[in-house]
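Counting from 1 along the sequence shown, just add 4 to a position and that's the residue number in our numbering.
Below is one structure; the comments refer to it alone.
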Amino acid sequence: MSIENYHFQRLLPYPESWLIKKLLKSPLFLYRLGLGKLFGNYILILSTTGRHTGNVHRTPVEYFFHEDRFYIISGFGEQPDWFQNIQSSPRVTVQNGYETLCV
């Protein structure tokens with residue numbers, strides 16, 4: 005998996021409210037309950053290594069699969085932490101409801 009060098013433009017305002025941030029993380033809770041297959045076709049769990057702490061961070065992101073590759077798109081440009089963590093340490097794990105892959 006690699007980050008392609010595309011022109012990034014913020015498509016959506018970055019969520020500032022703690023409530024919105026929690027709602028965006030709700031698929032993670034369902035994955036932990038073993039219900040990840042409900043999202044298997046369009047949401048995956050992206051596990052990255054924190055660029056400051058070195059801790060593992062899990063984030064639900066929308067994806068599509070094409071020609072044996074996962075493509076994830078940030079609707080918030082380069083601002084999300086997961087995006088910056090990948091730039092710092094490109095080794096990630098993806099869980100798509102059916103399998104977990106180290107990429």
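Glycine is no exception: its CB is placed at the ideal position from the N, C-alpha and C atoms.
Note that the structure is a prediction, hence the values are computed from the model and not measured.
Boundaries of the beta strand (DSSP E) in which I90 is found, first to last residue
Where I90 is concerned, there is no enclosing beta strand (DSSP E), although the alpha helix (DSSP H) it sits in stretches over 85–92.
Beta strand (DSSP E) containing E66: first to last residue?
60–70
V107 to P31, Cα distance in whole Å?
21 Å
Spatial neighbours of F87 within its chain, please: CB distance less than 7 Å, with the 5 preceding and 5 following residues excluded, ordered by chain position.
S78
Please state the DSSP three-state secondary structure of R95.
coil
Under three-state DSSP, which class holds L37?
coil
Going by C-alpha to C-alpha distance, which of S21, Q99, L23 sits closest to R62?
Q99
Could you tell me if N45 is buried or exposed, where buried requires 16 or more neighbouring beta carbons within 10 angstroms of its beta carbon?
exposed
When the Cα atoms are used, what is the spatial distance from K76 to P94?
Correcting the residue identity first, residue 76 is Ile in this sequence and not Lys. Taking the straight line joining both Cα atoms gives about 14 Å.
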